[in-house]
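Q:
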Amino acid sequence: MTASRHRVHDGASPVPSPQLVVDFVNSMACPGCRVDDAFATERAFARWSLRHLPDRLRADGDFPLPRLRRLRAATVELLRATQARRAPSLRAVQVVNSLAKLGLGPPRLAWAEGSWTLARPPSRRGRAGGPEVPIALAVQELLCSPLARQLRPCQGSACVHFLLARNRTQKWCSPTGCGNRARVARHYRRTRPSRAR
Ligand SMILES: [Zn+2]
Numbered sequence: 020m021t022a023s024r025h026r027v028h029d030g031a032s033p034v035p036s037p038q039l040v041v042d043f044v045n046s047m048a049c050p051g052c053r054v055d056d057a058f059a060t061e062r063a064f065a066r067w068s069l070r071h072l073p074d075r076l077r078a079d080g081d082f083p084l085p086r087l088r089r090l091r092a093a094t095v096e097l098l099r100a101t102q103a104r105r106a107p108s109l110r111a112v113q114v115v116n117s118l119a120k121l122g123l124g125p126p127r128l129a130w131a132e133g134s135w136t137l138a139r140p141p142s143r144r145g146r147a148g149g150p151e152v153p154i155a156l157a158v159q160e161l162l163c164s165p166l167a168r169q170l171r172p173c174q175g176s177a178c179v180h181f182l183l184a185r186n187r188t189q190k191w192c193s194p195t196g197c198g199n200r201a202r203v204a205r206h207y208r209r210t211r212p213s214r215a216r
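For the sequence shown, our numbering gives the first residue as 20, with consecutive numbering after it.
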């Protein structure tokens with residue numbers, strides 16, 4: 020596996036942060052977090068994008084929602100397959116690859132500070148496209164990077180979201196949501212009077 024296939028850390032990287040991939044999949048409806056699908060309507064997506072997308076990835080009014088939903092379903096499949104250590108659906112891999120390939124120009128050798136790097140500059144098409152192209156690039160990069168080991172499903176009751184754990188003990192997609200509910204449930208179990216016999 021290679022972590023550096025696409026890296027172009029020259030300030031113009033077309034690949035957004037790995038956390039965006041987690042925020043992206045966590046936009047799906049979740050019975051545990053009691054949230055609706057953030058991509059259900061254009062208005063809901065606009066709210067989500069204001070909170071989660073960097074300015075440069077925010078499209079003006081024209082949101083490719085069907086493509087974003089397709090990419091999200093594919094990404095969820097890839098994350099679940101990674102967790103279960105099973106082969107993912109090839110269709111899901113294809114969805115991610117076909118969007119990502121729109122985002123990068125051909126590889127270019129660059130000599131910097133005494134060593135070679137393989138730069139993948141953003142393509143014109145990727146710059147002009149919607150946020151699904153850079154997000155697909157971020158999915159590719161995350162899955163092939165050591166950070167993939169920090170991807171976990173949330174342990175919250177009925178939660179279907181993911182987290183990028185910063186340490187071994189981090190288990191919740193949100194400390195104030197699932198984390199807080201788990202603490203309350205634990206407290207309730209400890210303090211509940213035992214049943215009379
Ligand atoms: Zn959760």
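In this text, a Cβ means the ideal position worked out from N, Cα and C, and glycines have one as well. Small disclaimer: the values here were computed from a predicted structure and weren't measured.
1. Give the range of the alpha helix (DSSP H) segment to which Arg66 is assigned.
2. Return the residue from the list Thr94, Thr195, Ala93 and Ala65 that minimises the CA-CA distance to Asp81.
3. What separation, rounded to the nearest whole angstrom, lies between the Cα atoms of Cys197 and Arg127?
4. Mind checking which residues open and close the beta strand (DSSP E) that includes Leu161?
5. For Leu97 versus Val112, is the C-beta distance shorter than 8 angstroms?
6. By DSSP, does Asp29 sit in helix, in strand, or in coil?
7. Could you check if Val115 is buried or exposed, using at least 16 other CB atoms within 10 Å of its CB as the buried criterion?
8. What number of angstroms, rounded off, separates the C-alpha of Leu137 from the C-alpha of Ala100?
9. Use the C-beta contact count for Asn199: other C-beta atoms within 10 angstroms, 16 or more gives buried, fewer gives exposed.
10. Measuring CA to CA, which of Pro50, Arg70, Val40 and Arg75 is closest to Leu90?
11. Kindly indicate the opening and closing residues of the alpha helix (DSSP H) around Thr136.
12. For Ser46, is the beta carbon positioned less than 7 angstroms from some heavy atom of ligand 1?
13. Please confirm whether Leu166 and Pro73 have their CB atoms less than 8 angstroms apart.
14. Find out if the Cβ-Cβ distance for the pair Arg104, Gly124 is shorter than 8 angstroms.
15. Does the beta-carbon of Pro150 have 16 or more other beta-carbons within 10 angstroms, so that it is buried, or is it exposed?
16. If we call anything under 8 angstroms between Cβ atoms a contact, is Ala177 one with Pro35?
17. Does the Cβ-Cβ distance between Gln174 and Ala184 come in under 8 angstroms?
18. Please return the same chain residues whose Cβ sits closer than 6 angstroms to the Cβ of Val95, not counting the five positions on each side in sequence.
19. Here's a check: name, in chain order, each residue in its chain whose Cβ is nearer than 6 angstroms to the Cβ of Trp191, leaving out the five neighbours to either side.
20. Between Pro153 and Leu76, which are expected to be in contact by the criterion C-beta below 8 angstroms, what is the C-beta distance as a whole number of angstroms?
A: On the basis of the data shown:
1. Its alpha helix (DSSP H) spans residues Glu61 to His71.
2. Of Thr94, Thr195, Ala93 and Ala65, the residue nearest in Cα terms is Ala65.
3. Straight-line measurement puts the Cα of Arg127 at about 44 angstroms from the Cα of Cys197.
4. That residue, Leu161, is in no beta strand (DSSP E); its alpha helix (DSSP H) goes Glu151 to Leu162.
5. With respect to the 8 angstroms criterion, Leu97 and Val112 are classified as neighbours on the basis of their beta carbons.
6. Only weak support is given to the placement of Asp29: the predicted model assigns it a pLDDT of 39, under 50, and the value that follows is read from those uncertain coordinates. The three-state secondary structure of Asp29, taken from DSSP, is coil.
7. In summary, Val115 is buried, with 16 or more beta-carbon neighbours lying within 10 Å of its beta-carbon over all protein chains present.
8. Each residue's alpha carbon lies about 29 angstroms from the other.
9. Counting of Cβ neighbours within 10 angstroms places Asn199 among the exposed residues, the total staying below 16.
10. Nearest neighbour of Leu90 by Cα position, chosen from Pro50, Arg70, Val40 and Arg75, turns out to be Val40.
11. From DSSP, Thr136 is part of no alpha helix (DSSP H) but of the beta strand (DSSP E) over Ser134 to Ala138.
12. Look at Ser46: its beta carbon is at least 7 angstroms from all of the heavy atoms in ligand 1.
13. No.
14. Taking the C-beta atoms as reference points, Gly124 is found no nearer than 8 angstroms to Arg104.
15. By the neighbour-count rule (16 or more Cβ atoms within 10 Å), Pro150 is buried.
16. Result no, Cβ atoms of Ala177 and Pro35 do not sit closer than 8 angstroms.
17. No, the pair does not count as a contact, with Cβ atoms beyond the cut-off.
18. Result list for Val95: Val44, in chain order.
19. Within the same chain, and ignoring the five residues on either side of Trp191 in sequence, the residues whose Cβ sits closer than 6 angstroms to its Cβ are Cys173, Gly175, Cys197 and Gly198.
20. Contact flag correct, Cβ pair sits at about 6 angstroms.
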